[in-house]
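Below you'll find the structure, written out as structure tokens, and then a few comments.
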Ligand SMILES: [Fe+2]
Ligand SMILES: [Fe+2]
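Residue numbers (UniProt numbering): 1 to 248.
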């Protein structure tokens, strides 16, 4: 198992570990994104057992103890399992997350009090600027949220567009088809009536790069991909409603 580091936008590094045993035979990637500013931020910590590999990967770019912010999409082991190991490794680091995640989980789980971010709130990292966006239950988790890095127009889109298999660091190839296949395979999303609209709203940020947690970073037509993913979830939600209306 090797962990790769690639710069996918100016000062944004994709740290990627391919695990063949997960979703075999295709395998599965687990990515973290390091945003390098005066106050570096790590989006997703990875599992606790990945901490040595991710720590070593971060050290290829910055001194890990410089890490100032830790953020992630929602509370799950691959998103934040190693958060307390990172809080110990980086004495100035703070966890930054939305109000639901902080109130429900992180105020108890995290070894230091988290910084609560309001929907739309910006943290100036010094040379980079991240905006927090609440996306409740999308793709899953009441506490779900995403980050948008404004200077590079990079949307750190967490579990959205999840795909199985090994991927290049950066691609312009289709990411919607593989995401729909992964949804068929895993059923990982909480289908709900607002889901399509929540995803579609992300296009208003006009992202240029989509940084997937489980897959490549995408440098093609990001707004079209977001619209197509939203359409796919609308189709799934409608099909579920029709199926259950017929069954009633
Ligand atoms: Fe997740
Ligand atoms: Fe994930």
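All C-beta atoms, glycine included, are put in the ideal place defined by N, C-alpha and C. Since we're looking at a predicted model, the values are computed, not measured.
Cβ shell of residue i (< 6 Å), same chain only, five flanking positions each side left out
| i | result |
| --- | --- |
| residue 4 | 16 |
| residue 92 | 68 |
| residue 85 | 51 |
| residue 60 | 5 |
| residue 234 | 196 |
| residue 99 | 116 |
| residue 250 | What the structure shows of the chain is the stretch from 1 to 248, and residue 250 is not part of that stretch, so it cannot be assessed. |
C-alpha gap between residue i and residue j, whole angstroms
| i | j | result |
| --- | --- | --- |
| residue 108 | residue 101 | 10 Å |
| residue 156 | residue 54 | 18 Å |
| residue 240 | residue 190 | 12 Å |
| residue 14 | residue 193 | 32 Å |
| residue 167 | residue 113 | 36 Å |
| residue 188 | residue 32 | 19 Å |
| residue 49 | residue 56 | 13 Å |
| residue 117 | residue 224 | 28 Å |
| residue 79 | residue 45 | 6 Å |
| residue 220 | residue 140 | 25 Å |
| residue 8 | residue 236 | 31 Å |
| residue 215 | residue 34 | 16 Å |
| residue 154 | residue 207 | 6 Å |
| residue 177 | residue 19 | 21 Å |
| residue 1 | residue 142 | 32 Å |
| residue 200 | residue 131 | 17 Å |
| residue 103 | residue 133 | 17 Å |
| residue 244 | residue 62 | 52 Å |
| residue 232 | residue 246 | 21 Å |
| residue 276 | residue 36 | The chain is shown only over 1 to 248; residue 276 falls outside these bounds and no answer can be derived. |
| residue 181 | residue 173 | 15 Å |
| residue 75 | residue 97 | 10 Å |
Given residue i as reference, the closest of the options once Cα atoms are compared
| i | options | result |
| --- | --- | --- |
| residue 185 | 220, 1, 7, 27 | 27 |
| residue 210 | 67, 177, 149, 77 | 149 |
| residue 73 | 65, 88, 52, 106 | 106 |
| residue 229 | 183, 169, 98 | 183 |
| residue 280 | 20, 245, 143, 120 | Because the chain in this structure spans residues 1 to 248, residue 280 falls outside the shown range and cannot be described. |
| residue 222 | 180, 197, 171 | 171 |
| residue 42 | 197, 58, 23 | 58 |
| residue 217 | 30, 40, 62 | 30 |
| residue 226 | 175, 246, 181 | 175 |
| residue 40 | 24, 21, 23, 66 | 66 |
Residues that residue i bridges to, as DSSP identifies them
| i | result |
| --- | --- |
| residue 166 | Answer is none; residue 166 lacks a bridge partner. |
| residue 70 | 42, 95 |
| residue 4 | 16 |
| residue 116 | 97 |
| residue 35 | 12, 41 |
| residue 149 | 130, 154 |
| residue 209 | 154 |
| residue 174 | Paired residues: none, contrary to the question. |
| residue 28 | 19 |
Cβ-Cβ distance between residue i and residue j below 8 Å
| i | j | result |
| --- | --- | --- |
| residue 158 | residue 238 | no |
| residue 137 | residue 82 | no |
Sequence-distant residues of the same chain with beta carbon closer than 7 Å to residue i, five excluded per side
| i | result |
| --- | --- |
| residue 38 | 125, 126, 127 |
| residue 179 | 161, 162, 163, 229 |
| residue 258 | An answer regarding residue 258 cannot be provided, because it is not within the stretch 1 to 248 covered by the chain. |
| residue 135 | 144, 145, 146, 198 |
| residue 64 | 55, 58, 89, 90 |
| residue 21 | none |
Cβ shell of residue i (< 8 Å), same chain only, five flanking positions each side left out
| i | result |
| --- | --- |
| residue 87 | 70, 93, 95, 110, 111, 112 |
| residue 77 | 47, 48 |
| residue 152 | 9, 10, 11, 12, 128, 208, 209 |
| residue 169 | 4, 6, 8, 14, 16, 216, 217 |
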